[in-house]
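Beneath this line is the structure, given in structure tokens, with notes to follow.
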Amino acid sequence: MKLTLSPPEGSMGRPATPWTSPEHYWPELTRATEHLDPPVAVLHLGALEHNAADMVRRAAGKPIRVASKSVRVRGVIDAVLELPGYHGVLAYTLAEALWLAEPSAARSGIDDVVVGYPTVDRKEIARLGASAELAGRVTLMIDSVAQLDLIDHVCPPGKRESIRVCLELDGSWLAPVLGKLGVWRSPIYTPADARRLAEEIVQRPGFELVGMMAYEAQIAGVGDAPAGQPVMARVNRWMQRQSRPEIATRRGEAVTAVRQVADLEFVNGGGTGSLESTSADASVTEIAAGSGLLGGHLFDNYAGFLPAPAAAFALPIVRKATADSATMLGGGWIASGVPAADRLPSLEWPLGLRYAPREAAGEVQSPVFGTAAAGLVPGDRVWLRHTKSGELSEHVDRFHIVDGNKVIGTLPSYRGEGKVFL
Ligand SMILES: Cc1ncc(COP(=O)(O)O)c(C=O)c1O
């Protein structure tokens, strides 16, 4: 199917936010998908439309570049890009970026794709360097001269198209006592570092420095209101209060320094959790975000916004080891990151289920306990959400698109299209 998203008020007489009443939302998803045997993954159209619109509202006028790793469904990425407020894709591998950018019989291809992470994929670099069309559409991430050398080695300047590059500034915060907070990404930390690398890039033939990026993961991906963890919430809020002005100042100075040597088309920052503060940073021209579209449960932990649970999956109950428990088939779709309980799929419906502490979510079976477990019998289903928005797409070949109480079509995940990039 071709997915088209409308503004949320276009949902014609239905409750505007049905997911706020779990006793309405999940049974309706069950009714809509009754004819399908679980495991079954769904995308709720109204919830997706709501999330897409809410992200645009939060971005307050700055365009959002879709972080494709947090979606991994081509039809959803294409549909979101048709909405006002969205422009371009932040891809996660070069192979993926070329696949998205390349025109085909079915699609015109996406004309602005930034690969968000450095690439050393020689085959794909050669493909990029050999095509004027792809080289005009795809931008590579750079944070060191070694990456430029590798590209030159694969396809020397003069024998290739000019390669568009984006310089990544590290967006973490060097906190007193606690040390580096955020993610370990680029070695480029100071405005002087950024200027030095920019000078190196612009004096090398065959490269065009077109963008800068600094991703403040410690704000964009760390909730300031983690459920049941008041101390952590206070620490995170304190950390983010310090980090916001620090990144705004340092990023601003770095952008000014780099703009003295290159005409930048864009300056990218942020993510789903930082749309407001990244938008307020005058040096930033666009924000990369994706998780808020499908609403993985990692993003339930922010005080300022709450994505709707647009993507979810149902597993069947297949047996009962005891009268007060029920066992699901599968369940162990554990998210990446530091292993901890928050990487487990959340048990959404029926309410009041919990995992067995010594088993949690298993490879083939997941027993659940709690008030609702006694009433579950083989053939019933449990609704769950993945922690991270895009990783669910690695476990299912398609999403059933649900509008109200019916399935209106299906969309393949990347995996369902035979594409496994990471
Ligand atoms: C470079 C970069 N930008 C932005 C994001 C934000 O993506 P999301 O909104 O899906 O959390 C990420 C996520 O890891 C990222 O690595």
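Residue 445 is where the sequence shown ends in the working numbering, and the numbering goes up by one at each step. For every residue, glycine included, the Cβ atom is placed at its ideal position computed from N, Cα and C.
At a cut-off of 7 Å, would you count residue 109 as near ligand 1, judging by its Cβ distance to the nearest heavy atom?
Here residue 109 corresponds to residue number 86 of the sequence shown, with the count starting at 1. No, Cβ of residue 109 sits at least 7 Å from all heavy atoms of ligand 1.
Please say whether residue 135 and residue 160 have beta carbons closer to each other than 8 Å?
As a first step, residue 160 is located in the sequence shown; it is residue number 137 there, counting from the start. As a first step, residue 135 is located in the sequence shown; it is residue number 112 there, counting from the start. Judged by their CB atoms, residue 160 and residue 135 are nearer to each other than the 8 Å cut-off.
Under a Cβ-count criterion, where at least 16 other Cβ atoms within 10 Å of its own Cβ denotes burial, should residue 413 be classed as buried or exposed?
Indexing the sequence shown from 1 puts residue 413 at position 390. Buried, since its Cβ has 16 or more Cβ neighbours within 10 Å.
Say yes only if the C-beta of residue 221 is nearer than 7 Å to one or more non-hydrogen atoms of ligand 1, and no if none qualify.
Numbered from its first residue, the sequence shown carries residue 221 at position 198. No, the Cβ of residue 221 stays beyond 7 Å of every heavy atom of ligand 1.
What residues in its chain sit with their C-beta under 8 Å from that of residue 265, if we drop five residues either side in the sequence?
Locating residue 265 in the sequence shown gives position 242, counting from the first residue. Excluding residues within five positions, the ones whose Cβ falls inside 8 Å are 196 and 198.
So, for residue 319: in the same chain, excluding its five sequence neighbours on each side, which residues have a beta-carbon less than 7 Å away from its beta-carbon?
Counting from one through the sequence shown, the residue named residue 319 turns up at place 296. So the list reads 408, 409, 410, 411 and 412, once near-sequence residues are dropped.
Check whether the Cβ atoms of residue 22 and residue 155 sit closer than 8 Å, and answer yes or no.
Because the chain is modelled from 24 through 445, residue 22 falls outside the range shown and cannot be assessed.
How about residue 162: is its Cβ closer than 7 Å to a heavy atom in ligand 1?
Position 139 of the sequence shown holds residue 162. Not so, every heavy atom of ligand 1 lies at least 7 Å from the Cβ.
If residue 243 sits next to residue 256, beta carbons under 8 Å apart, how far is it from one beta carbon to the other, in whole angstroms?
As a position in the sequence shown, residue 243 is number 220, starting the count at 1. As a position in the sequence shown, residue 256 is number 233, starting the count at 1. Residue 243 to residue 256, Cβ: 17 Å. No contact.
Length of the line joining the Cα atoms of residue 210 and residue 152
Locating residue 210 in the sequence shown gives position 187, counting from the first residue. Locating residue 152 in the sequence shown gives position 129, counting from the first residue. Spanning the two alpha carbons is a distance of roughly 26 Å.
Counting beta carbon pairs with one atom in the region 283–301 and one in the region 381–398, are three or more of them shorter than 8 Å?
Touching, no, given that fewer than three Cβ pairs across the two stretches are closer than 8 Å.
List the endpoints of the continuous alpha helix (DSSP H) containing residue 317.
Your numbering for residue 317 matches position 294 in the sequence shown. If you look at residue 317, you'll find it in the alpha helix (DSSP H) that goes 314–317.
Going by DSSP in three states, residue 303 sits in which element: helix, strand or coil?
In the sequence shown, the residue the question calls residue 303 occupies position 280. Correct three-state label for residue 303: helix.
State the start and end residues of the unbroken beta strand (DSSP E) segment that holds residue 335.
Indexing the sequence shown from 1 puts residue 335 at position 312. Annotation for residue 335: the continuous beta strand (DSSP E) segment containing it runs 334–342.
According to DSSP, what are the bridge partners of residue 189?
Residue mapping note: residue 189 aligns to position 166 of the sequence shown, counting from 1. DSSP lists 164 and 234 as the bridge partner or partners of residue 189.
Contact check, residue 316 vs residue 75 under 8 Å by CB: the rounded distance?
Looking up residue 316 in the sequence shown gives position 293. Looking up residue 75 in the sequence shown gives position 52. Yes, they are in contact, since the Cβ atoms of residue 316 and residue 75 sit about 6 Å apart, within 8 Å.
CA-to-CA distance, residue 237 to residue 229, given in whole angstroms
Within the sequence shown, numbered from 1, the residue matching residue 229 stands at position 206. Within the sequence shown, numbered from 1, the residue matching residue 237 stands at position 214. Each residue's CA atom was taken as its position, placing residue 229 and residue 237 some 24 Å apart.
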